[in-house]
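Each number in this note's numbering comes from the position in the sequence shown (counting from 1) with 17 added on.
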Amino acid sequence: MTAQPRRIGELIRQGERSFSFEFFPPKDEAGEAQLWQAIRDLEPYRPTFVSVTYGAGGSTRDTTVAITERIARETSLVPMAHLTCVGHSEGELRTILDTYRDAGVYNVLALRGDPAEGPRAAWTATEGGLNHAVELVELARSHADLEVGVAAFPEGHPSAESLDADADVLVAKANAGAEFAVTQMFFHAADYFALVERVRARGVNIPILPGIMPILNLSAIRRQGELIGTNVPQDIVDRISAFDGDPAAVRAEGIKIAAELCDELLAGGAPGLHFYTLNRSKATLEIFAALQITA
């Protein structure tokens with residue numbers, strides 16, 4: 018008998034705290050070895066799911082499919098593959114969705130994706146493609162019957178007219194069939210809880226998982242923030258900058274800040290935590306140790 022596919026939204030709604038990890042497709046053999054070491058290190062913590070990102074314009078399509086397929090085949094983990102509208106026609110998106118399903122991957126994160134110029138640049142759809150993540154949600158649900166997650170933005174998407182308009186978009190994605198959302202990284206719990214409140218005020222109870230990325234290097238996190246449209250608040254900069262010149266101390270303070278954020282989120286009722294691992298396990302394991310979370 019074929020096992021029923023494990024669907025992330027259902028797992029989250031079972032009520033236990035959700036822990037999940039995000040990886041990206043490696044560029045070479047050394048990177049692949051590092052990725053699989055991280056997966057093996059984190060697997061004992063029984064995450065609800067692990068996700069694998071999708072390169073700009075589909076540049077990592079084959080690698081993303083291969084990694085998610087291998088996770089489904091060789092581990093106890095539930096894999097979720099990212100998919101974006103960028104660079105694909107609707108027909109190509111249908112083919113990719115079929116490929117995921119046939120590989121045993123039943124969960125996707127449906128994203129509009131950003132233009133090559135960055136998240137604040139004007140959007141131009143691919144010829145024959147889709148314009149919005151909500152359309153990709155509808156396609157994934159109707160064409161391949163996959164479980165669909167979507168992105169959420171505690172500080173608002175860079176192209177959103179307002180926080181309320183941004184919340185309206187998330188609600189539309191939920192109404193189109195999205196079962197859960199994962200936020201971009203952020204640094205103040207109040208921003209996350211305000212987003213949840215805006216969505217709940219609109220009558221939508223979709224689980225929203227907060228995305229966590231510890232600051233291990235201030236300049237690197239600033240660059241990452243610029244790429245996705247997230248600001249590093251001045252109070253966080255001040256805490257990290259106090260240890261400028263001492264990389265080990267900067268890293269330790271970054272872990273401490275992330276652990277404090279996680280603790281506040283869980284205490285405030287967040288359904289779990291989603292960690293942006295950068296294909297390494299050490300920082301996540303250090304945060305778990307600070308939170309007294311054991312495998």
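Positions of the beta carbon are idealized from the N, C-alpha and C atoms, including for glycine.
Original post:
Quick one, which of P227, I253, G228 has its alpha-carbon nearest R239's?
Top reply: Comparing Cα-Cα distances from R239 to each of P227, I253, G228, the minimum goes to I253.
Subject >> Contiguous alpha helix (DSSP H) assignments of at least 4 residues, all confined to the region 216-245 >> reply: 235-245
Original post:
With a cut-off of 8 Å, do at least 3 Cβ pairs link the region 41-61 to the region 102-116?
Top reply: no
Original post:
Counting Cβ pairs closer than 8 Å, one from the region 31-41 and one from the region 205-218, do we hit at least three?
Top reply: no
Original post:
Skipping 5 residues on each side, what residues in its chain have a beta carbon closer than 8 Å to that of P264?
Top reply: N234
Original post:
Are R129 and H160 close, meaning C-beta to C-beta below 8 Å?
Top reply: No, the pair does not count as a contact, with Cβ atoms beyond the cut-off.
Subject >> Nearest-angstrom Cα separation, counted from V122 out to T65 >> reply: 14 Å
Original post:
Which one or two residues does DSSP pair with E164 in a beta bridge?
Top reply: N124
**OP:** Output the distance between the C-alpha atoms of E27 and T143, rounded to the nearest integer angstrom.
**Re:** 33 Å
Original post:
Buried or exposed: K190, going by 16 or more other Cβ atoms within 10 Å of its Cβ?
Top reply: buried
**OP:** Please name the residue or residues paired with A47 in a DSSP beta bridge.
**Re:** Note: A47 sits in no beta bridge, so no partner.
**OP:** Give the single residue among G286, L283, K273 whose Cα lies nearest to the Cα of T301.
**Re:** K273
**OP:** Reducing DSSP to helix, strand and coil, say where G130 ends up.
**Re:** coil
**OP:** Spatial neighbours of T85 within its chain, please: CB distance less than 6 Å, with the 5 preceding and 5 following residues excluded, ordered by chain position.
**Re:** V69, P96, A98, V122
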